[in-house]
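Numbering (the working numbering), first residue to last: 2 to 222. To start, the structure itself, in structure tokens.
Structure, rendered in structure tokens:
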């Protein structure tokens, strides 16, 4: 297990980097998850008896790494949750796409449905939930037929980024569910967060780049 990577902490929030292949919160596998790790850290650091409060505000898929913010109080959780709902919470991803994207930027709009097997599919407006993201190309690797993109999602649907790109013939590299099953780590990373502090009311920005390995090494970060 990787040690907890803390970027920022005060009395109200804690910002961390989630390693790839670590759960955001506990599931039926009972594998270690970020919520449990942070609670244990807070319990030990502040010598808290009993249960420790921690608000999970947003999630990252298990194979995806990147920046996450958690609330240390219910007041902070309520305010940040409201900001997320009102789209006052900016989150950007980096991804390596399998293919050579010609357009420098664009918007993808679909209606997505999660099936009984836990997969997300593109469906009709009547059946699915509205999903929108925007992207811009940062670099292209013509030799390897790969494209590095920055992605901003307007809606937070299940597997949204992975499905929307894959459905257009440009799956994310290393995506074993919606891609070519090449058995490498998925090249998707939540690298940027910007939000208003729930108590202090100043704007905070946090940025971390993905590790320089696998598909990421094809580009200069």
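The C-beta atom is built at its ideal place from N, Cα and C for all residues, glycine as well.
Item, Value
"Give the straight-line distance between the Cα atoms of residue 132 and residue 109, rounded to the nearest whole angstrom.", "8 Å"
"Are residue 147 and residue 98 closer than 8 Å when you measure CB to CB?", "yes"
"Restricting to Cα atoms, I'd like to know which of 14, 218 and 38 is closest to residue 5.", "38"
"Less than 8 Å separating the beta-carbons of residue 191 and residue 61?", "yes"
"Which residue from 122, 171, 222 and 107 puts its Cα closest to that of residue 137?", "107"
"Determine, using beta-carbon pairs with one atom in the segment 110-127 and one in the segment 155-170, whether at least three such pairs fall under 8 Å.", "yes"
"Where does residue 123 fall in DSSP's three states?", "strand"
"Three Cβ pairs or more, each shorter than 8 Å: is that satisfied between the segment 196-205 and the segment 8-24?", "yes"
"Between which two residues does the beta strand (DSSP E) containing residue 137 stretch?", "130-142"
"How would you label residue 126, buried or exposed, when you count the other beta carbons within 10 angstroms and need 16 or more for buried?", "exposed"
"Check whether the Cβ atoms of residue 173 and residue 189 lie closer than 8 Å to each other.", "yes"
"Roughly how far, in whole angstroms, is the beta-carbon of residue 94 from the beta-carbon of residue 152, given that I think they are within contact range, below 8 Å?", "4 Å"
"List the residues that DSSP assigns as beta-bridge partners of residue 69.", "17"
"Mind checking whether residue 120 and residue 178 have CB atoms under 8 Å apart?", "yes"
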